[in-house]
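First residue of the sequence shown? That's 1 in full-length UniProt numbering, and the numbers climb one at a time after it. Written out below as structure tokens is the structure these notes cover.
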Amino acid sequence: MSDKKVYTGKKGTRTSYPTRCRSSVIKRRPLNRFEVEDGSSGVSASTKKLKVDHDDIDVKCEFGYRIINFFAVFSAISQHVKCKTCNSDIKFDETSSRGLGFKITISCSNCPRVEISSSPFIKNAYEINRRIVLTMRILGIMDKQPYNFEVKKKECIDHVQKRMGTRLRNLKKTVKNLGGKLTNKLIDQLTIYYGLAIRRNPNSLKNMKNEIWATLYHKTSTDENSQHELCSEFWCDWKKAQAANSLRDFHHKPPLPANVFEKLKPIYVDLSRNELLNRCLGGYTQNSNESFNATVWNLASKSYSSGKKVLQIATDIAVCNFNDGLTNILRIMQVLEMTIGPQSYNFCVEADAARIKHAEVSLTDAAKEARSSLKSTKKKMKRPILI
Numbered sequence: 001m002s003d004k005k006v007y008t009g010k011k012g013t014r015t016s017y018p019t020r021c022r023s024s025v026i027k028r029r030p031l032n033r034f035e036v037e038d039g040s041s042g043v044s045a046s047t048k049k050l051k052v053d054h055d056d057i058d059v060k061c062e063f064g065y066r067i068i069n070f071f072a073v074f075s076a077i078s079q080h081v082k083c084k085t086c087n088s089d090i091k092f093d094e095t096s097s098r099g100l101g102f103k104i105t106i107s108c109s110n111c112p113r114v115e116i117s118s119s120p121f122i123k124n125a126y127e128i129n130r131r132i133v134l135t136m137r138i139l140g141i142m143d144k145q146p147y148n149f150e151v152k153k154k155e156c157i158d159h160v161q162k163r164m165g166t167r168l169r170n171l172k173k174t175v176k177n178l179g180g181k182l183t184n185k186l187i188d189q190l191t192i193y194y195g196l197a198i199r200r201n202p203n204s205l206k207n208m209k210n211e212i213w214a215t216l217y218h219k220t221s222t223d224e225n226s227q228h229e230l231c232s233e234f235w236c237d238w239k240k241a242q243a244a245n246s247l248r249d250f251h252h253k254p255p256l257p258a259n260v261f262e263k264l265k266p267i268y269v270d271l272s273r274n275e276l277l278n279r280c281l282g283g284y285t286q287n288s289n290e291s292f293n294a295t296v297w298n299l300a301s302k303s304y305s306s307g308k309k310v311l312q313i314a315t316d317i318a319v320c321n322f323n324d325g326l327t328n329i330l331r332i333m334q335v336l337e338m339t340i341g342p343q344s345y346n347f348c349v350e351a352d353a354a355r356i357k358h359a360e361v362s363l364t365d366a367a368k369e370a371r372s373s374l375k376s377t378k379k380k381m382k383r384p385i386l387i
């Protein structure tokens, strides 16, 4: 991508004129012979996906649109130019206005009028209007038709899992004598177990609800009073011991205190409602690294109501951008018979290069350690300091 020609109509940028910089990653492990022969070690997924050829994109360097004040610009021009035929003063007027397209009328006192289009025509339509229509449809603007069918809302399971952690931490702050029993470690465990119960049962409301309650009763079980009826053999040690006929040697860990269990029960009742869990069926997520929805929302914003056609266009463009980079937008413009200027080409090439660079940096060991350190630091800052 970086070897491709950039059509520069501006001063040098970091992308068009790269400079050397010292690497922040030192003491890297040398590649073994298999990695050297493979040649793909340490290459991000974005680099592999965006290796596309741009030779099929026709770029016209002299093409481009600018925003001007018609009266101010052409009034100044009329004061400095004269008619080549009769040498009289000329006048500029605007006619045949259609959207952002119009015709410039040049007239003088002796010669017939001359009309010039402000932009090229594409099938009896100004090209500038086609560009605006494409952009507006992508964004979903001015397409606020009401839905004629029922919309069922889905919840992000990551957000639902965070609700459990928030409720448990608020309980610890508001209720006295729970600090030493409802610890931060226990809160993290119950939150993770709650999220896993939803993720492991994306197609069954009954199984999802049973496993949520199983995680709570599992924590209250003792050798004298085991409550593992709802537990699964996949993660429950007591169930595994029962299947292996070794319950005599199995001993429970210290259980959850009874008063803590009574305080937790209303929270579990609220967060295991059928209404909430129904919206969790399917295991959907809004995490940009796990969900394709985020790439579509970048084009068709959720703040505007979009019709089926707009969503289809946004989805198709999002797939092209995700797989082959932003330069695929230029190919879409070619299909629409739009002229591609250097500014559009430079923007797409530089955006793809920045995407690859960001992916390569995120792949380094130093970046991974930094993310891990930042995550642990944030967790420590959220926990109150006990004196």
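Just so it is clear, CB atoms sit at the ideal spot from N, CA and C, and this is done for glycine as well.
By how many angstroms is the C-alpha of A300 removed from the C-alpha of N278?
Working through the sequence shown from its first residue, we reach residue 278 at position 278. Working through the sequence shown from its first residue, we reach residue 300 at position 300. Just so you know, the alpha carbons of N278 and A300 end up roughly 26 Å apart.
Inter-stretch contact (C-beta, 8 Å, three-pair minimum) for the stretch 152-164 and the stretch 191-210
Between the stretch 152-164 and the stretch 191-210 there are three or more C-beta pairs closer than 8 Å, enough to call the two in contact.
Taking residue 400 as the reference, give the member of T285, F234, G180 and N298 with the closest Cα.
Since the first residue shown for the chain is 1 and the last is 387, residue 400 is missing from the structure and cannot be characterised.
With distance defined between alpha-carbon atoms, name the residue in L171, N124, E155 and G101 nearest to T285.
The residue given as residue 285 occupies position 285 in the sequence shown. Out of L171, N124, E155 and G101, E155 has the C-alpha closest to the C-alpha of T285.
Classify N328 as buried or exposed, calling it buried when 16 or more other Cβ atoms lie within 10 Å of its own Cβ.
One-based indexing of the sequence shown puts residue 328 at position 328. Burial state of N328 is buried, judged by a 10 Å Cβ sphere holding 16 or more other Cβ atoms.
Could you confirm whether any beta carbon from chain D is found closer than 8 Å to the beta carbon of K206?
Looking at the structure shown, chain D is missing, and only one protein chain is on hand.
Residues in the same chain with beta-carbon distance under 7 Å from residue 405, minus the five sequence neighbours each way, listed in chain order, please.
Examination of residue 405 is not possible in this model, given that the chain is present from 1 through 387 alone.
Contact between the stretch 316-328 and the stretch 352-370 (3+ Cβ pairs under 8 Å)
Between the stretch 316-328 and the stretch 352-370, the count of Cβ pairs shorter than 8 Å is three or higher; the stretches touch.
Three-pair Cβ contact test at 8 Å for the stretch 236-244 versus the stretch 106-124
Judged by Cβ distances under 8 Å, the stretch 236-244 makes no contact with the stretch 106-124, as fewer than three pairs qualify.
Does the beta-carbon distance from residue 397 to R98 come in below 8 Å?
The structure shown does not extend to residue 397, since the chain spans only 1 to 387, so no value can be given for it.
Smallest Cα separation from K209: which of A258, C280, T220 and L168?
Within the sequence shown, the letter at position 209 stands for residue 209. Cα-wise, what sits closest to K209 is C280.
In angstroms, rounded to a whole number, what distance separates the CA positions of Y268 and K375?
The residue labelled residue 268 in the question sits at position 268 within the sequence shown. The residue labelled residue 375 in the question sits at position 375 within the sequence shown. Distance between the alpha carbons of Y268 and K375: 27 Å.
Contact belief for N230 with E211 at Cβ below 8 Å, rounded distance in angstroms
Within the sequence shown, the letter at position 230 stands for residue 230. Within the sequence shown, the letter at position 211 stands for residue 211. Position check: residue 230 holds Leu in this sequence, whereas Asn was assumed. Contact annotation, L230 with E211: C-beta distance approximately 7 Å; criterion of less than 8 Å satisfied.
For V59, tell me which candidate among K253, Q334 and V73 has the shortest Cα-Cα distance.
Start at 1 with the first residue of the sequence shown, and residue 59 comes out as number 59. Out of K253, Q334 and V73, the CA that lies nearest to the CA of V59 is found in Q334.
Going by CA-CA distance only, name the one from K91, I90, G101 and V81 that's closest to I67.
Counted from its first residue, the sequence shown places residue 67 at position 67. Cα-wise, what sits closest to I67 is G101.
Where does C21 fall in DSSP's three states?
Counting from one through the sequence shown, the residue named residue 21 turns up at place 21. Note on C21: pLDDT 44, under 50, position unreliable in the model; the coordinate value appears next. C21: coil per DSSP, three-state reduction.
Would you tell me roughly how many angstroms separate the C-alpha atoms of L178 and Y193, rounded to the nearest one?
By one-based count along the sequence shown, residue 178 stands at place 178. By one-based count along the sequence shown, residue 193 stands at place 193. Each residue's alpha carbon lies about 20 Å from the other.
For the putative contact between R331 and I90, defined by C-beta atoms under 8 Å, what is the C-beta separation to the nearest angstrom?
Looking up residue 331 in the sequence shown gives position 331. Looking up residue 90 in the sequence shown gives position 90. The distance from the Cβ of R331 to that of I90 is about 42 Å, inconsistent with a contact at the 8 Å cut-off.
Grab me the residues of V132's own chain with a C-beta within less than 8 Å of its C-beta, minus the 5 sequence neighbours each way, in chain order.
The sequence position of residue 132 within the sequence shown is 132, counting from 1. Before going on, a small fix: residue 132 reads as Ile here, not Val. Around I132: G99 and L100.
Sort L190, I106 and R169 by Cα distance to K220 and report the nearest one.
Taking the first residue of the sequence shown as position 1, residue 220 is located at position 220. Per the sequence shown, the amino acid found at residue 220 is Thr instead of Lys. Residue nearest to T220 within the set L190, I106 and R169 is L190 (criterion: CA-CA distance).
Suppose the cutoff is 6 Å on Cβ atoms and the five residues either side in sequence are ignored; what does the same chain contact list for R167 look like?
As a first step, residue 167 must be located in the sequence shown, where it is residue number 167. These residues qualify, in order along the chain: I267.
In terms of residue numbering, what span does the alpha helix (DSSP H) encompassing F261 cover?
The sequence position of residue 261 within the sequence shown is 261, counting from 1. The continuous alpha helix (DSSP H) containing F261 extends over residues A258 to D270.
The beta strand (DSSP E) that contains K253, what's its start and end?
Along the sequence shown, read from residue 1 onward, the residue named residue 253 stands at position 253. That residue, K253, is in no beta strand (DSSP E); it is neither H nor E in DSSP.
Which residue comes first and which comes last in the beta strand (DSSP E) that contains G101?
Here residue 101 is taken as the residue at index 101 of the sequence shown, counted from 1. G101 to C108 is the extent of the beta strand (DSSP E) around G101.
Taking the straight line between their C-alpha atoms, what separation do you get for K378 and P254?
The sequence position of residue 378 within the sequence shown is 378, counting from 1. The sequence position of residue 254 within the sequence shown is 254, counting from 1. If you take the alpha carbons of K378 and P254, they lie about 29 Å apart.
By alpha-carbon positions, which one of A214, N203 and N321 ends up nearest to F234?
Along the sequence shown, one-based indexing puts residue 234 at 234. Considering only alpha carbons, the answer is A214.
Which residue from S119, D365, G282 and K308 puts its Cα closest to that of N203?
Numbered from 1 along the sequence shown, position 203 holds the residue referred to as residue 203. Among S119, D365, G282 and K308, the Cα nearest to that of N203 is on G282.
Coil, strand or helix - R98 by DSSP
What you label residue 98 is simply residue 98 of the sequence shown in a count that begins at 1. Here R98 sits in strand by DSSP.
Neighbour-count burial assignment, Y304, 16 or more Cβ in a 10 Å radius:
Counting from one through the sequence shown, the residue named residue 304 turns up at place 304. With fewer than 16 neighbouring CB atoms inside 10 Å of its own CB, Y304 falls in the exposed class.
I need the straight-line Cα distance from R169 to A367, nearest angstrom please.
On the sequence shown, position 169 is the one that residue 169 refers to. On the sequence shown, position 367 is the one that residue 367 refers to. Each residue's Cα considered, the two are about 30 Å apart.
When you compare each of D365, W297 and C111 to K82 by their alpha carbons, which one comes out closest?
Here residue 82 corresponds to residue number 82 of the sequence shown, with the count starting at 1. Closest by alpha carbon: C111.
Whole angstroms are fine: how far does the CA of L171 sit from the CA of G165?
Along the sequence shown, read from residue 1 onward, the residue named residue 165 stands at position 165. Along the sequence shown, read from residue 1 onward, the residue named residue 171 stands at position 171. So the alpha carbons of these two residues sit roughly 10 Å apart.
Check whether the Cβ atoms of W238 and H228 lie closer than 8 Å to each other.
One-based indexing of the sequence shown puts residue 238 at position 238. One-based indexing of the sequence shown puts residue 228 at position 228. A contact, by the Cβ cut-off of 8 Å.
Between F92 and I104, is the Cβ-Cβ spacing less than 8 Å?
Indexing the sequence shown from 1 puts residue 92 at position 92. Indexing the sequence shown from 1 puts residue 104 at position 104. Cβ distance < 8 Å, so F92 and I104 count as in contact.
Assuming E337 is part of the beta strand (DSSP E), what are its boundary residues?
Indexing the sequence shown from 1 puts residue 337 at position 337. Run containing E337: none; DSSP gives neither H nor E here.
Of all the options D188, P257, S373 and L205, which has the alpha carbon lying nearest to the alpha carbon of T222?
For the purposes of this step, residue 222 is identified with residue 222 of the sequence shown, where counting begins at 1. Nearest of D188, P257, S373 and L205 to T222, Cα basis: P257.
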